[in-house]
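Enquirer: Handing you a structure now.
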Amino acid sequence: MTIYYLDYCQRLISTLRACHSHGAAFVRRAALLGLVTGLAVLELVPAQAATNVPYLDASGTLQTAATATELITGGGAASLSSGWYVCNAGTAVAYTGTLTVQGDVTLILADGCQMNVTGTAAGGAGIDVSGANRLTITAQSTGAGMGALVAAAGVGDFSNPGGAGIGGASSYWNPGSTAGTITINGGAVTVTGGGGGFASGAGIGGGASSEGNGGAGGTVTINGGTVTATGGNAAASGAGIGGGGSSKATAGSGGTLAIHGGTVTATGGQGTYAAGAGIGGGGAYAEGGSGGTVTIDGESVVNANGGRWSGAGIGGGGSNRKDGSSAGAAGTLTIGSDSAVTAYGGGSASGATDPGAPVGAGGTSGMGSGAAQAISGMYRLSVSKDATSSGAGTVSPTGVWMITGKANMSFTFTPIGGSVIKQVSVNGMGIGTPASYTASGLTQDTTVVVTFAYPLTGSVAISGSAVVGQSLGVNTAGILQVQPGALSYQWLRDGSAIAGATGASYTLTAADANQSISVQVGSALYAGVLTSLSVQALPLLTGTIDISGSPVVKQVLTASATGTPAGSTLAYQWLRGGTPIDAALASTHTLVTADIGQAISVQVSATGYGGVLNSSAVTASKITPVITSPQATPITYGQTLASSTPSGAGVDGSFAWVDATTAPSGAGTSSYPATFTPTDPANYNTVALSIAVTTNPTAPTLSLTPASLSTITLGGSANVSAALAGATNPTGTVSFSDDGVTLCSARVDGTGTASCSVPGLLLAGDHPINASYAGDSNNQDATSSVQTLTVNPASVPLPGTGAGASGTAQVSISGPAGCLLDVAPTIAAATQADQLPPDATAPLGLLRFAVKDGGLGGSCSSVQVRAVYPSGSLAGLAAYKYGPHTQMTGATPTTTTGWYALTEAGMVGDAMSYSVADNGDGDSDSTAGRIDDPSAPLRLPGAAAAPTSVPTLGHTELVLLVLLLAGGAVVARRTNRKEGQQ
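Residue numbers for the sequence shown, in full-length UniProt numbering: 1 to 982.
Structure representation (structure tokens):
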């Protein structure tokens with residue numbers, strides 16, 4: 001409702017008091033009448049207007065407003081329409097409902113004015129300034145008495161999220177309202193957003209929403225005054241100044257904020273899951289609000305604190321998602337050089353694990369801190385307690401800020417439970433042990449670390465020999481450290497620190513002789529130092545000790561001292577492996593079995609001097625025996641070294657091959673590694689040596705395989721095979737011979753077998769076959785015994801037209817070794833091309849064959865031919881040969897080619913036999929070494945034919961004959977008829 005003065009009610013009350021004397025009844029009637037009348041006119045009487053009201057403009061200059069409507073006492077929910085309003089000096093104005101700005105409103109807070117606005121409706125703003133509406137708040141001065149405004153939104157619930165303290169209202173389903181234009185030129189303004197439920201509103205800025213987006217921060221300008229703005233507390237909270245929260249959508253962005261002066265403290269609401277920024281975006285379950293555009297300049301003093309659970313100090317709002325990209329973006333921040341700005345990311349101070357950045361993006365639940373943003377003129381300030389401290393204490397406050405060089409922050413350090421401040425460091429450099437520290441005028445990122453520690457207790461002692469040149473150590477077992485820490489050391493000479501002597505050990509120098517040496521020990525985790533008792537350093541014995549002699553068992557070693565102090569008495573102690581040898585106290589020592597393999601040295605001391613002299617160590621060894629005339633028994637190729645016995649002369653012992661399974665790779669003499677083991681291994685070394693072994697070739701035997709020498713037929717294939725026994729990995733070939741003439745050769749295979757086929761056909765007869773192996777570098781040669789290979793005559797079919805000519809002839813062709821059959825014998829019927837003698841016939845066909853020199857080392861000088869025909873088939877026939885034939889014509893030999901009678905053999909019984917010489921009579925091939933031999937038994941003219949039987953006709957033949965005779969008769973009859981007609 002429109003604001004009116006309430007002085008009417010005050011005059012009414014005064015009137016009622018004046019009429020009290022008239023009686024109670026009258027008073028009651030008058031009061032009732034006045035109340036009714038007052039209520040009737042309350043809407044009709046306008047509030048009074050003040051004139052010439054002073055106020056501060058945006059630049060802080062005092063101006064005067066001609067008129068301003070006075071706000072006297074406040075009331076419930078109300079509206080302010082466009083115009084000027086004033087909260088008079090010294091008055092208290094309180095509204096217990098939302099104060100709604102409609103249009104462009106300027107509110108003057110007069111000095112001493114206290115104005116409170118508390119929204120009561122859940123979800124409503126304290127002062128609703130949304131959309132296109134504008135609110136300017138100003139004061140009349142800047143001192144302690146300036147007017148004050150406290151505005152708080154109503155407390156929301158799970159059905160009604162919170163509205164802004166000043167700005168937009170909230171909504172459950174729809175987006176929260178975006179703030180309008182809000183300007184603060186002065187006054188003490190304290191604003192709190194509405195909390196409760198799922199989402200809360202900003203202190204100054206947007207309202208919240210449960211299902212929709214949070215309201216944006218609108219346009220906010222602060223030119224002066226003291227402004228404290230805090231977002232409401234909820235699961236997803238709003239910013240101190242900026243966007244409202246959202247439980248399921250995107251929180252409101254920060255809008256546009258310009259701070260040109262005054263002191264501003266902005267704190268994001270405390271979120272259960274996601275919080276709003278101090279200045280910037282609101283927090284959300286889903287997407288945090290972005291930071292918007294923020295400008296801070298002039299002599300502004302700004303403190304921005306992100307809300308707990310991930311709100312940035314200045315920048316983006318937090319998010320409950322575990323996706324880092326869902327946090328509110330940083331937005332844009334510009335800071336002037338005269339502004340004092342302090343920003344703190346929500347979460348770190350309260351122990352939350354996911355703080356927002358001091359300046360930058362908001363954080364996200366479960367994903368870590370928001371991304372920080374580098375801002376020109378702002379520096380990172382970290383103040384914390386050393387996590388490795390042994391003591392206890394508090395740092396107040398603690399955390400990480402971003403501040404400008406104009407900002408000041410003070411911190412206090414308080415030890416607890418007997419601890420002390422061990423050190424305060426700034427950027428790694430100690431500044432002593434102050435109880436407080438003020439960060440001001442920063443020009444770089446600054447890290448402040450406070451170390452609390454309990455005092456160091458216990459004792460330390462020096463260990464080692466206090467002799468110049470020797471090293472002293474520190475026994476720290478007596479230090480009492482509940483929590484062990486790294487120790488530090490400082491060595492002292494007569495109570496003064498020795499420069500550079502800060503290690504756990506110290507080597508005494510000449511300057512330390514006859515001086516008191518002590519050490520101080522400190523701890524990285526504890527305060528103070530512990531000082532040891534001092535020791536007195538002695539002069540150092542000087543000189544060298546040398547050992548001479550052969551370091552072999554049973555030999556004598558001698559120690560010689562050089563450069564030792566004149567007149568000093570030396571004492572000797574021999575050492576075995578660094579341990580003193582019993583009774584070895586002289587300058588000599590005879591090596592014994594126990595010394596073998598040990599480092600033998602001697603230690604020398606002198607009366608009146610500190611330290612000892614140590615010789616270099618020599619290693620005692622066993623005696624290495626000398627082996628003379630090493631030898632070994634020979635073996636045969638294929639045997640291993642296990643078959644050879646090594647030996648040699650020297651000390652007692654035995655020989656053995658290193659690898660007795662080694663088989664020499666070939667015949668000859670080679671050396672192989674062996675080992676000599678002495679009978680007395682305690683004092684003598686085992687000797688490795690090389691011994692020569694002679695490997696002899698094998699003496700194998702060679703035998704023809706009986707199965708390869710079976711009887712064959714003329715013209716058949718002849719395969720020969722031999723087996724080599726007793727050879728090892730034989731190579732080379734085996735040659736097969738026929739009566740000394742090599743038939744063929746074959747390589748020996750992996751089983752010692754060689755096989756081959758005769759390159760040609762063997763002639764008939766018995767062939768003495770043997771095999772010979774030529775041997776190789778590892779196997780001797782070998783020759784087999786002779787075995788006979790029999791070649792039987794061939795059965796050759798006859799073409800026959802005469803008696804017995806339908807059978808076969810048994811043909812045998814024999815000759816010298818190496819003469820092979822080139823064309824197998826055949827018997828074929830004679831043709832005109834064969835040019836038989838006139839009127840001669842070849843009833844048993846013509847016999848043909850050819851032989852040749854096989855090139856195996858023999859010759860085909862002549863062959864013998866024998867053909868056995870069926871019984872009685874040669875009766876009346878004469879043996880003839882075709883080919884060149886030389887005969888004497890008078891005294892002159894004449895050679896002709898043709899058929900001629902064989903006179904040297906002829907035919908005996910059923911056999912025809914003859915010989916043919918190479919290029920002799922009957923050889924039809926003039927090539928040397930080749931005989932081509934046609935022959936035949938011929939029937940000459942006048943010779944009686946062998947009797948033959950009369951052939952008989954079968955049934956079919958008789959029918960054909962009858963038909964032929966009948967046909968002839970018919971032809972003759974027709975002929976006779978024609979002749980009679982003529």
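Where is the CB? At the ideal position from N, CA and C, for every residue including glycine. Keep in mind that this is a model prediction, so the values were computed, not measured.
Taking G942 as the reference, give the member of L109, L877, T447 with the closest Cα.
Expert: On the sequence shown, position 942 is the one that residue 942 refers to. Of the listed residues, the one whose Cα sits closest to G942 is L877.
Enquirer: Could you have a look at V449 and say whether DSSP puts it in helix, strand or coil?
Expert: Along the sequence shown, read from residue 1 onward, the residue named residue 449 stands at position 449. In this structure, V449 counts as strand in the three-state DSSP scheme.
Enquirer: If we call anything under 9 Å between Cβ atoms a contact, is T476 one with S488?
Expert: Sequence index remark: in the sequence shown, residue 476 carries index 476 (1-based). Sequence index remark: in the sequence shown, residue 488 carries index 488 (1-based). S488 sits away from T476, with the two beta carbons spaced by 9 Å or more.
Enquirer: Which word fits R28, buried or exposed, when buried means at least 16 other C-beta atoms lie within 10 angstroms of its C-beta?
Expert: Indexing the sequence shown from 1 puts residue 28 at position 28. Only weak support is given to the placement of R28: the predicted model assigns it a pLDDT of 39, under 50, and the value that follows is read from those uncertain coordinates. Residue environment analysis places R28 among the exposed positions, since fewer than 16 neighbouring C-beta atoms fall within 10 angstroms of its C-beta.
Enquirer: Measuring CB to CB, does T731 end up less than 9 Å from V748?
Expert: Start at 1 with the first residue of the sequence shown, and residue 731 comes out as number 731. Start at 1 with the first residue of the sequence shown, and residue 748 comes out as number 748. It is a contact, given that the beta carbons lie within the stated cut-off.
Enquirer: Could you spell out where the beta strand (DSSP E) holding G668 opens and where it closes?
Expert: Here residue 668 refers to the residue found at position 668 of the sequence shown. Start and end: 668-678.
Enquirer: Between the C-alpha atoms of A754 and A829, what's the straight-line distance to the nearest angstrom?
Expert: Taking the first residue of the sequence shown as 1, we reach residue 754 at position 754. Taking the first residue of the sequence shown as 1, we reach residue 829 at position 829. Distance between the alpha carbons of A754 and A829 is about 44 Å.
Enquirer: Going by C-alpha to C-alpha distance, which of A258, T412, L541 sits closest to L467?
Expert: For the purposes of this step, residue 467 is taken as residue 467 along the sequence shown, with counting starting at 1. The sequence given here has Val at residue 467, not Leu. Of the listed residues, the one whose Cα sits closest to V467 is L541.
Enquirer: Leaving out five residues before and five after I378 in sequence, what residues of the same chain have Cβ atoms less than 8 Å from its Cβ?
Expert: The residue given as residue 378 occupies position 378 in the sequence shown. Checking the sequence, you will find Met at residue 378 rather than Ile. Cβ contact annotation for M378 (same chain, cutoff 8 Å, sequence separation greater than five): I335, V341, A343, V359, M402, I403, T404, in chain order.
Enquirer: What beta strand (DSSP E) runs, 3 residues minimum, are completely inside the stretch 573-641?
Expert: 588-590, 599-606, 628-632
Enquirer: Given G292, which residues of its chain have a CB within under 8 Å of its CB, disregarding the five upstream and five downstream residues?
Expert: Counting from one through the sequence shown, the residue named residue 292 turns up at place 292. Result list for G292: A216, G217, G242, G243, S253, G254, G255, T256, L257, G280, G281, G331, T332, in chain order.
Enquirer: Measuring only the C-alpha atoms, how far is L107 from Q48?
Expert: Counting from one through the sequence shown, the residue named residue 107 turns up at place 107. Counting from one through the sequence shown, the residue named residue 48 turns up at place 48. Annotation: L107 to Q48 spans about 15 Å, alpha carbon to alpha carbon.
Enquirer: Hey, how far is the Cα of A688 from the Cα of T662?
Expert: Translated into the one-based positions of the sequence shown, residue 688 becomes position 688. Translated into the one-based positions of the sequence shown, residue 662 becomes position 662. Answer to the nearest angstrom: the Cα atoms are 17 Å apart.
Enquirer: From this set, A148, G119, T783, G478, which residue's C-alpha is nearest I166's C-alpha?
Expert: Walking along the sequence shown from the start, residue 166 turns up at place 166. Ranking A148, G119, T783, G478 by Cα distance to I166 puts G119 first.
Enquirer: Less than 9 Å between the beta carbons of S935 and K881, yes or no?
Expert: Position 935 of the sequence shown, counted from the start, is the residue given in the question as residue 935. Position 881 of the sequence shown, counted from the start, is the residue given in the question as residue 881. For S935 and K881, yes; Cβs fall inside 9 Å.
Enquirer: Are at least three pairs of beta-carbons, each pair with one atom in the stretch 154-162 and one in the stretch 183-191, less than 8 Å apart?
Expert: no
Enquirer: If I'm right that G154 touches G197 with Cβ under 8 Å, what's the distance once you round it to whole angstroms?
Expert: Locating residue 154 in the sequence shown gives position 154, counting from the first residue. Locating residue 197 in the sequence shown gives position 197, counting from the first residue. Not quite, the Cβ-Cβ distance comes to about 12 Å (not below 8 Å), so this is no contact.
Enquirer: What are the start and end residues of the beta strand (DSSP E) that includes S518?
Expert: Taking the sequence shown and counting its residues from 1, one reaches residue 518 at position 518. For S518, the enclosing beta strand (DSSP E) has its first and last residue at 516-523.
Enquirer: Check T832 in the structure and name its three-state DSSP category.
Expert: To locate residue 832, count along the sequence shown from 1; it is residue 832. A small correction: the amino acid at residue 832 is Gln; Thr does not occupy that position in the sequence shown. Helix at Q832.
Enquirer: Taking buried to mean at least 16 other C-beta atoms within 10 Å of its own C-beta, is N174 buried or exposed?
Expert: The residue given as residue 174 occupies position 174 in the sequence shown. So N174 ends up on the exposed side.
Enquirer: From the DSSP output, in three-state form, read off D853 for me.
Expert: As a position in the sequence shown, residue 853 is number 853, starting the count at 1. Correct three-state label for D853: strand.
Enquirer: Using the rule of at least 16 other Cβ atoms within 10 Å of the residue's Cβ for burial, across every protein chain shown, is S200 buried or exposed?
Expert: Taking the first residue of the sequence shown as 1, we reach residue 200 at position 200. With a 10 Å radius around the Cβ and a threshold of 16 neighbouring Cβ atoms, S200 comes out buried.
Enquirer: State the Cα-Cα distance for the pair G611 and T394, rounded to the nearest angstrom.
Expert: Along the sequence shown, one-based indexing puts residue 611 at 611. Along the sequence shown, one-based indexing puts residue 394 at 394. G611 and T394 have their C-alpha atoms some 53 Å from each other.
Enquirer: Can you name, in chain order, every residue of its own chain whose Cβ lies under 6 Å from the Cβ of I691, other than the five neighbours on each side?
Expert: Here residue 691 refers to the residue found at position 691 of the sequence shown. Here the set comprises P630, A632, P646, A674.
Enquirer: What are the start and end residues of the beta strand (DSSP E) that includes L743?
Expert: Reading the sequence shown from its first residue, position 743 is the one you call residue 743. Looking at the DSSP string, the run of the beta strand (DSSP E) that includes L743 is 741-747.
Enquirer: Enumerate in chain order the residues of its own chain whose CB-to-CB distance from G858 is below 7 Å, with the five nearest sequence positions on each side excluded.
Expert: Translated into positions along the sequence shown, residue 858 becomes position 858. So the list reads V741, P816, A817, G818, C819, once near-sequence residues are dropped.
Enquirer: In three-state terms, what does DSSP make of P539?
Expert: Indexing the sequence shown from 1 puts residue 539 at position 539. Coil.
Enquirer: Go ahead and label T952 buried or exposed: buried means 16 or more other beta carbons lie within 10 angstroms of its beta carbon, across all protein chains shown.
Expert: Residue numbering aside, residue 952 sits at position 952 when the sequence shown is read from its first letter. Here T952 scores only 37 on pLDDT, less than 50, and its place in the model is too uncertain to base an answer on.
Enquirer: What does the alpha-carbon distance come out to for the pair T948 and L844?
Expert: Reading the sequence shown from its first residue, position 948 is the one you call residue 948. Reading the sequence shown from its first residue, position 844 is the one you call residue 844. Unreliable placement is indicated for T948, whose pLDDT of 38 sits below 50; the coordinate value is still reported in the next sentence. C-alpha separation (whole angstroms): 15 Å.
Enquirer: Mind the definition here: the stretch 495-509 touches the stretch 557-574 only if three or more C-beta pairs lie below 8 Å; say whether that holds.
Expert: Not touching, per the Cβ criterion.
Enquirer: Could you spell out where the beta strand (DSSP E) holding D839 opens and where it closes?
Expert: As a first step, residue 839 must be located in the sequence shown, where it is residue number 839. Neither: D839 is in no beta strand (DSSP E) and is coded neither H nor E.
Enquirer: Roughly how many whole angstroms lie between the Cα atoms of A361 and L109?
Expert: Counting from one through the sequence shown, the residue named residue 361 turns up at place 361. Counting from one through the sequence shown, the residue named residue 109 turns up at place 109. Their backbone Cα atoms lie some 36 Å apart in a straight line.
Enquirer: With DSSP collapsed to three states, give me the class of residue 987.
Expert: The structure shown does not extend to residue 987, since the chain is modelled only from 1 through 982, so no value can be given for it.
Enquirer: Identify which residue in G103, S737, S745 has its Cα closest to the Cα of N770.
Expert: Residue 770 sits at position 770 when you count from the first residue of the sequence shown. Shortest Cα-Cα distance from N770 to any of G103, S737, S745 involves S737.
Enquirer: Tell me, please, which residues DSSP counts as bridged to T91.
Expert: The sequence position of residue 91 within the sequence shown is 91, counting from 1. None, per the DSSP bridge assignment.
Enquirer: Just the Cα atoms here: how many angstroms apart are A169 and L56?
Expert: Your numbering for residue 169 matches position 169 in the sequence shown. Your numbering for residue 56 matches position 56 in the sequence shown. Distance between the alpha carbons of A169 and L56 is about 29 Å.
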